[in-house]
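Asks:
Structure below.
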């Protein structure tokens, strides 16, 4: 499969201009993801071929959105899959299928982040869930994940904030947490057009990474 567009510090610096802070999405910006692989893995567990994670419900929740905002636990999310599959699939089988979309961090990325960090204060803002982040940590190892996160002043995961993009409140929350008075001091890079549009409406500089 083709890799995502390569993350280049000099190109991002040109986009960011005189901003003081750069806020980066995780999936498809810092790490490759391939949702098709998870879809295929869930089909192998018994899900219908047209199945998408966004269909999952759990009690009154949309399970996909709920796990990304911390409204349900990882166990409850797995139970939502079991309800769809209609059998008691093992935790490891569900996690393996859900994590199949995650690709490995590219070895050149840390150097690019170090270069960019000499000019800007870097932050991560990601819609994600604990199952995926636990898998990222496992693959990187303790030292590797620590080296990665040291590139950033802050790492904001949606399930910790209780908010997910493109909710306008998440951009306001990040401003407050990083101490920004003027939103124009922030440049945001994300692959999702709706997330970028809301950031622009909030007053951030922003670019879709495609």
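Numbering (the working numbering), first residue to last: 2 to 211.
Built from N, CA and C at the ideal position, the CB exists for glycine as well.
Nearest CA to the CA of residue 166: which residue from 67, 75, 196 and 173?
Replies: For the purposes of this step, residue 166 is taken as residue 165 along the chain shown, with counting starting at 1. Checked all of 67, 75, 196 and 173; the closest Cα to residue 166 is 196.
Asks: Helix or strand or just coil, what does DSSP make of residue 4?
Replies: Against the chain shown, residue 4 aligns to sequence position 3. Confidence is the limiting factor: at residue 4 the pLDDT is only 47, short of 50, which leaves the residue's position unreliable and the question unanswerable from this model.
Asks: Do you know whose CA, among 192, 205 and 132, lies nearest residue 160's CA?
Replies: As a first step, residue 160 is located in the chain shown; it is residue number 159 there, counting from the start. Comparing C-alpha distances from residue 160 to each of 192, 205 and 132 shows the shortest one belongs to 132.
Asks: Taking the alpha-carbon of residue 210 as reference, which of 128, 30 and 17 has the nearest alpha-carbon?
Replies: The count along the chain shown starts at 1 and reaches residue 210 at position 209. Selected option, being the one with the closest Cα: 30.
Asks: Would you call the stretch 165 to 185 and the stretch 142 to 152 touching, i.e. three or more CB-CB distances under 8 Å?
Replies: no
Asks: Since I believe residue 56 is in contact with residue 100 (beta carbons under 8 Å), could you give me their beta-carbon distance rounded to a whole number of angstroms?
Replies: As a working mapping, residue 100 is identified with position 99 in the chain shown. As a working mapping, residue 56 is identified with position 55 in the chain shown. Residue 100 to residue 56, Cβ: 19 Å. No contact.
Asks: Rank 87, 88 and 63 by C-alpha distance to the C-alpha of residue 78 and give the top, closest one.
Replies: Locating residue 78 in the chain shown gives position 77, where the first residue counts as 1. That would be 63, whose Cα lies nearest to the Cα of residue 78.
Asks: With distances taken between CB atoms, is the gap from residue 22 to residue 187 smaller than 7 Å?
Replies: Here residue 22 corresponds to residue number 21 of the chain shown, with the count starting at 1. Here residue 187 corresponds to residue number 186 of the chain shown, with the count starting at 1. Result yes, Cβ atoms of residue 22 and residue 187 sit closer than 7 Å.
Asks: Near residue 156, what residues of its chain come up, given a Cβ to Cβ distance below 7 Å and the 5 sequence neighbours on each side ignored?
Replies: Against the chain shown, residue 156 aligns to sequence position 155. Excluding residues within five positions, the ones whose Cβ falls inside 7 Å are 125 and 150.
Asks: Rounded to a whole number of angstroms, what is the C-alpha to C-alpha distance between residue 180 and residue 97?
Replies: If you number the chain shown from 1, residue 180 lands on position 179. If you number the chain shown from 1, residue 97 lands on position 96. Looking at the two C-alpha atoms, the distance is approximately 38 Å.
Asks: Span of the beta strand (DSSP E) holding residue 158?
Replies: Residue mapping note: residue 158 aligns to position 157 of the chain shown, counting from 1. Taken as a continuous stretch (DSSP letters only), the beta strand (DSSP E) holding residue 158 covers 155 to 158.
Asks: Can you say whether residue 81 is buried or exposed, counting buried as having 16 or more other CB atoms within 10 angstroms of its CB?
Replies: Along the chain shown, read from residue 1 onward, the residue named residue 81 stands at position 80. Buried, by the Cβ-count rule.
Asks: DSSP three-state label for residue 100, please.
Replies: For this step, residue 100 is matched to residue 99 along the chain shown. In the structure shown, residue 100 sits in a helix (DSSP, three-state: H, G or I).
Asks: Given a cut-off of 7 Å, decide if residue 38 and residue 90 are closer than it, judged by their beta-carbon atoms.
Replies: Within the chain shown, residue 90 is the residue found at index 89, counting from 1. Within the chain shown, residue 38 is the residue found at index 37, counting from 1. Cβ atoms of residue 90 and residue 38: not closer than 7 Å.
Asks: Tell me whether the beta-carbon of residue 10 lies closer than 7 Å to the beta-carbon of residue 116.
Replies: Here residue 10 corresponds to residue number 9 of the chain shown, with the count starting at 1. Here residue 116 corresponds to residue number 115 of the chain shown, with the count starting at 1. Result yes, Cβ atoms of residue 10 and residue 116 sit closer than 7 Å.
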